[in-house]
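Below is one structure; the comments refer to it alone.
In full-length UniProt numbering, the protein residues as written are 1 to 313.
See the structure below:
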């Protein structure tokens with residue numbers, strides 16, 4: 001019995017687990033450890049019109065509860081990605097979610113139009129939520145109207161389904177989600193990292209050269225669960241959930257909050273086998289829970305609260 005296959009717009013997945021964009025590069029390093037075809041999908045690193053070297057170093061720091069990063073969308077640019085990175089991935093039987101970014105609406109449109117011609121790209125992910133680039137994608141992610149306009153502009157030049165990656169660094173994420181759904185988004189990815197900071201107490205200097213960075217890992221999971229729970233009851237498009245996933249139990253929790261697939265980020269850095277191990281563990285856990293298919297769990301926690309009488313005695 002296949003309990004794990006899911007189908008989202010553009011993404012026919014053998015299982016609901018994919019590595020998150022920005023945490024997996026274009027897969028070459030991980031392909032040395034396992035066959036990438038076991039994954040449900042691959043969300044490749046963000047593409048911009050030009051080559052980017054990213055922010056100055058240091059740009060990664062560990063914390064007690066996760067990781068801070070300020071990579072700054074380093075990537076080789078759309079020309080190199082189309083000529084070298086995407087063709088390399090063609091030998092794997094796995095759908096690709098192409099993350100795209102830019103400084104302006106025209107940048108996003110240019111990248112969307114060009115990368116949509118790649119035969120192995122099945123859907124686009126608009127990165128309007130990176131907290132580590134100044135005055136760029138986050139300006140779209142913070143304003144529902146701008147996010148909607150960008151979504152419409154990209155939908156107009158691409159026939160591929162469009163997922164919008166939302167930022168948790170806003171006051172009303174459900175409002176942004178509703179605006180992009182109204183503009184034609186086919187799905188959502190949520191959440192991106194939370195803006196954070198770490199200081200060296202001996203020097204008083206921020207650890208990261210960028211001063212602030214995006215916090216990922218276990219600390220952000222409760223925030224992600226809460227936001228997915230809220231947003232999934234506000235919109236009717238599917239959500240790819242992410243934020244501190246380290247176990248099959250975490251995946252179940254994301255589905256119960258309202259996700260229809262998940263992306264794994266920080267866990268890949270400490271364990272290159274994180275994704276394939278999660279897929280195996282998830283299948284075993286669903287069997288133990290007597291769940292016939294993972295999709296049965298989506299939104300199971302909506303409007304549900306029952307008092308635990310045994311614990312209150």
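Don't be surprised by glycine CBs; every beta carbon is placed ideally from N, CA and C.
Remember, it's a predicted structure, so these values are computed and weren't measured experimentally.
- Item | Contacts around residue 312, its chain only, beta-carbon distance under 7 angstroms, and the 5 residues preceding and following it disregarded | Low confidence applies to residue 312: its pLDDT is 49, below 50, so where it sits in the model is not reliable, and the reading given next is rough at best. Hits under 7 angstroms: none found.
- Query: What whole-angstrom Cβ distance do residue 127 and residue 165 have, given they're in contact under 8 angstroms?
  - Reply: Yes, residue 127 and residue 165 are in contact; Cβ-Cβ is about 5 angstroms, under 8 angstroms.
- Message: Quick check on DSSP: helix, strand or coil for residue 175?
- Response: helix
- Pair within 9 angstroms by beta-carbon distance, residue 167 and residue 192: yes
- Query: residue 167 CB to nearest chain D CB: under 9 angstroms?
  - Reply: This model lacks chain D altogether; it includes just one protein chain.
- Under the rule that 16 or more other beta-carbon atoms within 10 Å means buried, what is residue 83, buried or exposed? exposed
- Item | Closest Cα partner of residue 185 within the set 222, 159 and 53 | Nearest of 222, 159 and 53 to residue 185, Cα basis: 159.
- Taking only runs of the alpha helix (DSSP H) that begin and end inside the segment 192-272, which ones reach a length of at least 4 residues, in chain order? 221-232, 248-257 and 267-270
- Task: In angstroms with no decimal places, state the Cα-to-Cα distance between residue 229 and residue 13.
- Result: 23 angstroms
- Message: Whole angstroms are fine: how far does the CA of residue 129 sit from the CA of residue 170?
- Response: Here the alpha carbons of residue 129 and residue 170 stand approximately 10 angstroms from one another.
- Under 8 angstroms Cβ to Cβ from residue 220, same chain only, skipping five residues before and after it: list those, please. 66, 168, 191, 193, 194, 243 and 244
- Query: Is it true that the CB of residue 180 sits closer than 9 angstroms to the CB of residue 97?
  - Reply: No, Cβ-Cβ distance for residue 97 and residue 180 is not below 9 angstroms.
- One or two residues paired with residue 61 in a DSSP bridge: Its beta-bridge partners are 68.
- Message: Taking 9 angstroms as the threshold (C-beta atoms), are residue 198 and residue 47 in contact?
- Response: no
- List the endpoints of the continuous beta strand (DSSP E) containing residue 163. 162-165
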